[in-house]
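Residue numbers (the UniProt record's numbering): 1 to 1008.
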């Protein structure tokens, strides 16, 4: 029950205010005639309280619940922005007269619920913000309920729209019962003015100021009001155009740093100007300034952590849940006691929850308790997809990337042998033991387990179907049918190159097995399997050999009849016995691909990005709540910048000194800042990326400047004329725009693992997976570089990044589906996509031979727009490179700065290194030269740049050709074309670009 105000002891007999002695400041004043309005010793009249309860709870809240609102929501302040955990710390220097009740303690754990008084789906702009603050560990009895908690309720305005409970009841009746707020507001302009003021625009929950509005006792002598204000120096921020910007801002701020509020009280010193039951009146601060008695500290935290949001949603707040020393005063306070309690009871009952007070903030969710177990229950091969690459070196090979950002490999010997021939890239497979929680416990090797490896390589290209276009896009309906390749060959077995099944058994003396098949009667070497000293599997592919059995020329990019190559793929499985137990082992797959001529580059959308997106959309991989700037956002820009070393157009725009080079430390600092001050900058940058569902997606100017699956010259109007990012990447960019990302970039000097053994064992499987797939392309599937369009089909996978194996992986078990391939075949449960993969099943969709497509994937097919852009696959198949001669000029300090700048800007066509031996520079001559001389083309490698000169980067990448790497010339006398390809030509404009009309080749002109 409310008590009457205490008698005034601070006025003399004449009614004048007494002077106070030191230490006796802020004694309460005697209540005046205006102190009680519709408020007696029993609170507001029972009718007023009952009507408010009926209207807020029965007619409002319960009506919504009965009409399907689930879960049941609060009656007011329904839109929750977030829940923050913190500590409530009493200052040590506060006046002793304030050290009462709660404020006699030192510190308390607390929870703050930030919300708006609107519906959960309404915009944040022009809403009233509120804070429910709950303290834990407050001893003693409470005016309402039991437990050790105490509540405060604040809103971001210093007065209430209704002066007392009776006026609040009248206003609510006008709106809820009579449905006519306007008439009431017209008659009560003071109420209308306050309601208008309550529709505020706040930039952030953490920079707003909040008032408790109502008066409260502070012991027997004091009456005070409360407010909380951010500490000086708090970034105010700015609102931005998102309906939920307050939530996004709150999440971002606390994720990236702490926040602090001052908890202040305003003592009541003058009853005449500080009434107890007129909530419209703001107590004047010139008569009684607010005094800070505590601080609320919110440490850096993820308010989206599992359980935290739900914990805040379930909390109930009531200002009467407080020690008697802090009794709320006024008729509105009395009405709130009943209405808030009834609302909380209705909500919890509807949600099937017990209405009890928690004893402490919800502790952090503890993950799977088995994660730390070292008991191995299953095993898996990693990476799930390994990548071999062909090379014409007889014995030279190197391991493919095993970490996402491996250090540059210095020297030509990293990729070529002593003769200048290209080394093969090997795929290494490891086996990891996992506990019941799915955490990698240890690598299983020859030292701790018995391992037997199995694999089967095959090449089905010549026996498979033609490539016309990706068959999973709408444009496939208008494309020519995909008929069988070599359809004049009756015995299809002659076209299938089956390397057979091979095994490296545990304890066997065999350390190497070869995969050999035949094309008609001609033997074909597809690769081999080896094990190292630890028992890991090393898979090597072919030597890049491609032949036509009739001696005919290749004439097109993808479907050359009578040809074969030594590209292959197939399953990798293992039998593992660990501590006497036979483990179930997740299988893997290995593919063979063309050489990587730009081993330091990644495309803007990698195969990892694509497969990750497929898994997230399929629900087999959990989508991160928000992107990592370091791992998800920054790489997009870094990849476009790094393409400067393989494409002249990217060099001019995204390269060193380019207008779109967002990889400088200055730019990265801005891009990594989630502040709303940078929101429009982030939005305008993001708007440059192509989105198929946005009008104008066909524009060539949109990023990335890469051709798409449905490229046609001249363009057909398809949005797939050009490439886009994965849906997951684009959604990450959308979150980045809103500031909803982890600002986790720590600088270029942050060390990254240079090899897989520097990575913690528990992280090694995912690291190997990402490293293998990030260096594969997912750009234009036309048809592609390593793999093509079937990999974006969910049914291809048994788990994220892990292909589904057919019951029988023998290539003859799934290699003929009738005279043509169409959508009917693709949807079959036992078809080439959904039925599981057989040996040769991944690479069979690719071009034959591989060299003809590699030599056809260029840039600037329509040079009237731009001679260098868009482009196909420069991250694997360079277009324009900084050659050795120009690099030497750049590094020569004796040359003029202008000469060096021009040398740095000039890029040589990569394909000019192909020897033509006096033949005319035609497209057909080039693709056939590529078949026999693919090793002569440059590999783009790291070289030191120029330090301390703004015109040049400190690190560069230079194209190193066969002859430049080996210091050799061919035994055959070089032709004029070869001389031009391996030296700085006198007329450098006379390049392959000028000699060949690229817009007429079948690669891009088939469907006109």
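A virtual CB, placed ideally from N, CA and C, is assigned to each residue, including glycine. Since we're looking at a predicted model, the values are computed, not measured.
query	result
Proximal residues to residue 620 (C-beta, below 8 Å), its chain only, five neighbours per side dropped	797, 799 and 800
Nearest neighbour of residue 772, chosen from 166, 423, 389 and 259 [CA to CA]	389
Secondary structure of residue 453, DSSP reduced to three states	strand
Counted within 10 angstroms of its Cβ, other Cβ atoms place residue 340 as buried (16 or more) or exposed	buried
Close-in-space but distant-in-sequence residues of the same chain around residue 901 (CB under 6 Å, 5 per side omitted)	951
Residue 145, DSSP secondary structure in three states	coil
Three-state secondary structure (DSSP) of residue 732	helix
CB contact flag (residue 162, residue 138, <8 Å)	no
Residue 83 (DSSP reduced to helix, strand or coil)	strand
Where residue 55 falls, given that 16 or more other Cβ within 10 Å makes a residue buried	buried
Residue 359 versus residue 103: straight-line alpha-carbon distance, rounded	19 Å
CA nearest to the CA of residue 315, picked from 504, 362 and 122	362
Selection from 469, 474, 512 and 256 that minimises the alpha carbon distance to residue 481	469
Pair within 8 Å by beta-carbon distance, residue 1003 and residue 557	yes
Residue 373 versus residue 594: straight-line alpha-carbon distance, rounded	42 Å
Under the three-state DSSP convention, the category residue 923 falls into	helix
Beta strand (DSSP E) runs wholly inside the region 188-255, at least 3 long, in chain order	216-218 and 222-230
C-alpha gap between residue 921 and residue 707, whole angstroms	24 Å
Classification of residue 883 by the beta-carbon crowding that lies within 10 angstroms, buried from 16 upward	buried
When 868, 47, 682 and 375 are compared against residue 436, the one with the closest alpha-carbon	375
Contacting residues, own chain, Cβ-Cβ under 6 Å from residue 648 (five flanking each side not counted)	868, 880 and 907
For residue 458, the residue or residues it bridges with in DSSP	498 and 569
Residue 600, enclosing beta strand (DSSP E) - first and last residue	No beta strand (DSSP E) contains residue 600, which DSSP labels as neither H nor E.
Cα-Cα separation, residue 1006 to residue 723	19 Å
Distance, residue 719 Cα to residue 698 Cα	5 Å
Beta-bridge partners of residue 944, as assigned by DSSP	955
Spatial neighbours of residue 230 in its chain, beta-carbon cut-off 8 Å, leaving aside the 5 residues before and after	206, 207, 208, 209, 259, 260, 261 and 262
N-terminal and C-terminal residue of the beta strand (DSSP E) that residue 361 is part of	That residue, residue 361, is in no beta strand (DSSP E); it is neither H nor E in DSSP.
Segment contact flag, the region 847-860 with the region 614-630, C-beta cutoff 8 Å, min 3 pairs	no
Within 8 Å, strictly: CB atoms of residue 403 and residue 767	yes
Enclosing alpha helix (DSSP H) for residue 667 [first to last residue]	665-671
Inter-residue Cα distance where the pair is residue 52 and residue 338	9 Å
Sub-8 Å separation of residue 839 and residue 627 beta-carbons	no
Per-residue burial, residue 764 [other beta carbons within 10 Å of its own, 16 or more giving buried]	buried
Among 433, 325, 427 and 492, nearest to residue 528 - alpha-carbon criterion	427
Inside the region 757-799 only - alpha helix (DSSP H) runs reaching at least 4 residues	764-774
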